Amino acid sequence: TQLLEQSPQFLSIQEGENLTVYCNSSSVFSSLQWYRQEPGEGPVLLVTVVTGGEVKKLKRLTFQFGDARKDSSLHITAAQPGDTGLYLCAGDAGSARQLTFGSGTQLTVLP
Amino acid sequence: EPEVTQTPSHQVTQMGQEVILRCVPISNHLYFYWYRQILGQKVEFLVSFYNNEISEKSEIFDDQFSVERPDGSNFTLKIRSTKLEDSAMYFCASRKVLGDTDTQYFGPGTRLTVL
Chain A
716 TQLLEQSPQF LSIQEGENLT VYCNSSSVFS SLQWYRQEPG EGPVLLVTVV
766 TGGEVKKLKR LTFQFGDARK DSSLHITAAQ PGDTGLYLCA GDAGSARQLT
816 FGSGTQLTVL P
Chain B
361 EPEVTQTPSH QVTQMGQEVI LRCVPISNHL YFYWYRQILG QKVEFLVSFY
411 NNEISEKSEI FDDQFSVERP DGSNFTLKIR STKLEDSAMY FCASRKVLGD
461 TDTQYFGPGT RLTVL
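Protein sequence lines, in the order shown, are assigned to chains A and B.
Position in the first sequence counted from 1, then plus 715, gives you my numbering.
Position in the second sequence counted from 1, then plus 360, gives you my numbering.
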């Protein structure tokens, strides 16, 4: 069974601070997705990383895939209250490429 | 931008009743999935579907569950005899192909409450 461990589980920071969320596994994934989920809604795709060592930027969000494709990080620069939400990483594996989700990081950015 | 849609948004049912959750995947996608998320827990894979048959299923997807693509657009999840522990958010997802750069897009979910 493939597992994805996300840390921290909860993060509360002040507006303007930087933060990093980690997603770790002992398994190799074909690709890894980061989603953001609001309460009562479905996960919304932020980014997909595919190549080991890949770095992708989405405005103030920087995503990195580990060289061995077992781990990933999400770094947010100068966090804003609008960044508040649940961030999920999900690894893509299996013959049907079903997703294995991490437990999520609940981010709260205080004004 | 094309979206995955799901109906109903909320379904309340009595234990033992059958429910059908409906999804309309993105139109040119070929792979379809159901996931569930029990309140406060991880999103869990249930089943994947391609070319009118199940590709893979998890241990959760027992004989009480079935999936169907009755026409060219709908993708349904049926729970034959609901149990209290089936209460969860159920998410449908679709994917165009299985290429590395392709990924799954999720619908807004159906909240199932079993009383």
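Beta carbons are placed, not taken as given, at the ideal position from N, Cα and C, and that holds for glycine.
Since the model is a prediction, treat every value here as computed from it, not as a measurement.
The segment 413-424 of chain B and the segment 810-823 of chain A touch, with no fewer than 3 CB-CB distances between them shorter than 8 Å.
Contact between the segment 772-789 of chain A and the segment 738-753 of chain A is present, with at least three C-beta pairs closer than 8 Å. By the neighbour-count definition (other C-beta atoms within 10 Å, threshold 16), E732 (chain A) is an exposed residue.
For the segment 400-468 of chain B, the full-length beta strand (DSSP E) segments reaching 3 residues or more read 403-410, 413-417, 425-428, 435-439 and 448-455 along the chain.
According to DSSP, residue pairing for V736 (chain A) in a beta bridge involves A:L789.
Under the Cβ criterion of 9 Å, S746 (chain A) is counted among the residues facing chain B. Less than 9 Å divides the Cβ of G467 (chain B) from the Cβ of A453 (chain B).
Going by C-alpha positions, K456 (chain B) is about 27 Å away from E720 (chain A).
Distance from Q729 (chain A) to L803 (chain A) at the Cβ level is roughly 23 Å; contact not present, criterion being Cβ atoms closer than 8 Å. Chain B has no Cβ within less than 9 Å of the Cβ of L773 (chain A).
Looking only at B:Y450, B:K443, B:Y465 and B:Q366, the smallest Cα-Cα distance to D807 (chain A) is reached by B:Y465. Annotated three-state conformation of D782 (chain A) is coil, per DSSP. Residues of chain B whose Cβ lies closer than 9 Å to the Cβ of F816 (chain A) are, in chain order, Y395, Q397, K402, V403, E404 and F405. L761 (chain A) has its alpha-carbon roughly 31 Å from the corresponding atom of F425 (chain B). With a cut-off of 8 Å on Cβ pairs, the segment 749-758 of chain A is not in contact with the segment 373-388 of chain B, counting fewer than three such pairs. In this structure, the alpha-carbon of I791 (chain A) lies about 6 Å from that of R775 (chain A). Residues of the segment 783-813 of chain A with a C-beta less than 9 Å from any C-beta of chain B: L803, A805, D807, G809, S810, A811, R812 and Q813, listed in chain order. C-alpha of V770 (chain A) to C-alpha of T763 (chain A): approximately 10 Å in a straight line. At a cut-off of 9 Å between beta carbons, V824 (chain A) makes no contact with chain B. The Cβ atoms of D431 (chain B) and I439 (chain B) do not sit closer than 9 Å to each other. Closer than 7 Å at the C-beta level to chain A, one finds no residue of the segment 363-379 of chain B.
V403 (chain B) and R751 (chain A) have their alpha carbons spaced roughly 12 Å apart. Within chain A, the C-beta atoms nearer than 8 Å to that of S415 (chain B) come from S810 and A811, in chain order.
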